[in-house]
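For reference, the structure is listed below as structure tokens.
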Amino acid sequence: MESKVKTVIFDLDGTLLNTLEDLCAATNYALREFNYPQKSLEEVRLAVGNGVAKLIERVIPEGVENPDFSPCLECFRGYYSEHLQDRTAPYPGIIEMLQWLKMQGYGIGIVSNKFDSAVKNLRDDYFKEYIPVAIGESSDVRKKPAPDCVFKAMKELECTADTAIYVGDSDVDIQTAHNAGLRCVGVSWGFRGHDFLVANGADWIIEKPMELCERLKNSL
3 MESKVKTVIF DLDGTLLNTL EDLCAATNYA LREFNYPQKS LEEVRLAVGN GVAKLIERVI
63 PEGVENPDFS PCLECFRGYY SEHLQDRTAP YPGIIEMLQW LKMQGYGIGI VSNKFDSAVK
123 NLRDDYFKEY IPVAIGESSD VRKKPAPDCV FKAMKELECT ADTAIYVGDS DVDIQTAHNA
183 GLRCVGVSWG FRGHDFLVAN GADWIIEKPM ELCERLKNSL
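Numbered according to the working numbering, the sequence shown spans residues 3 to 222.
This is how it looks when you write it as structure tokens:
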């Protein structure tokens, strides 16, 4: 019999926050600085999910073999750090969901492949009163889909894999959850969609944030 869920760990981009327009703007700023073709919102949507280095690798010609790769990545980081919130906002229903989770006593965390300073800044600006633990990409922990960042969050939240779930919108999130021994709840409102999540093995899929609360009431 599965243990009762006590902790919920979330992905950030495409799960809690719609960051796509700001990511696209930063991507195109960096590409423009190095005289490369601009990318559409849809092209950027399909390129996100594995951290910003992988995003730039996917959008710049020849990827990491391009001598402009590293300076273009740093250009992206610099611009994005100054424009984190131009158009970014929580998805509808996210705040209400987090309020409910906090009131019910759930441990709540964020694990993201976005660089750590951006993750913490966005958490502080949008979710500080609800989410005590926020972990992003850094040199001292392997990024998703390696389970290390989830293990780090679980340690800080003082929980075990059998009482935690991971909530995300991508194949990387599903792989991360399963690598850490957690069940994965896929969200259909993010950067990939319902059918993609089904095909990639999400344990459950929800169509709106408050559906997570309903499922938790019924112990998933």
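No residue lacks a Cβ here, since even glycine has one placed at the ideal position from N, Cα and C.
Please read these numbers as outputs of a predicted model, since none were measured by experiment.
Where residue i falls: helix, strand or coil (DSSP)
i	result
isoleucine 133	coil
threonine 17	coil
arginine 79	helix
threonine 90	coil
tyrosine 38	coil
phenylalanine 12	strand
isoleucine 62	coil
valine 187	strand
CB contact flag (residue i, residue j, <8 Å)
i	j	result
glutamate 139	cysteine 77	no
tyrosine 38	isoleucine 11	no
alanine 136	lysine 122	yes
leucine 19	leucine 124	yes
valine 46	leucine 22	yes
alanine 27	aspartate 88	yes
aspartate 171	cysteine 186	no
valine 7	alanine 163	no
glutamate 209	serine 190	yes
leucine 199	valine 152	no
Exposure of residue i, with buried meaning 16 or more beta-carbon neighbours within 10 Å
i	result
alanine 182	buried
alanine 91	exposed
arginine 144	exposed
methionine 105	exposed
threonine 178	buried
proline 73	exposed
aspartate 142	exposed
isoleucine 111	Note that residue 111 is glycine in the sequence shown here, rather than isoleucine. That one is buried.
Residue i versus residue j: straight-line alpha-carbon distance, rounded
i	j	result
serine 114	leucine 103	20 Å
alanine 148	alanine 155	13 Å
arginine 60	alanine 49	6 Å
threonine 29	glycine 80	11 Å
lysine 41	aspartate 24	13 Å
isoleucine 97	aspartate 15	15 Å
Inside the segment 95 to 164 only - alpha helix (DSSP H) runs reaching at least 4 residues: You should have 96 to 105, 118 to 128, 150 to 159.
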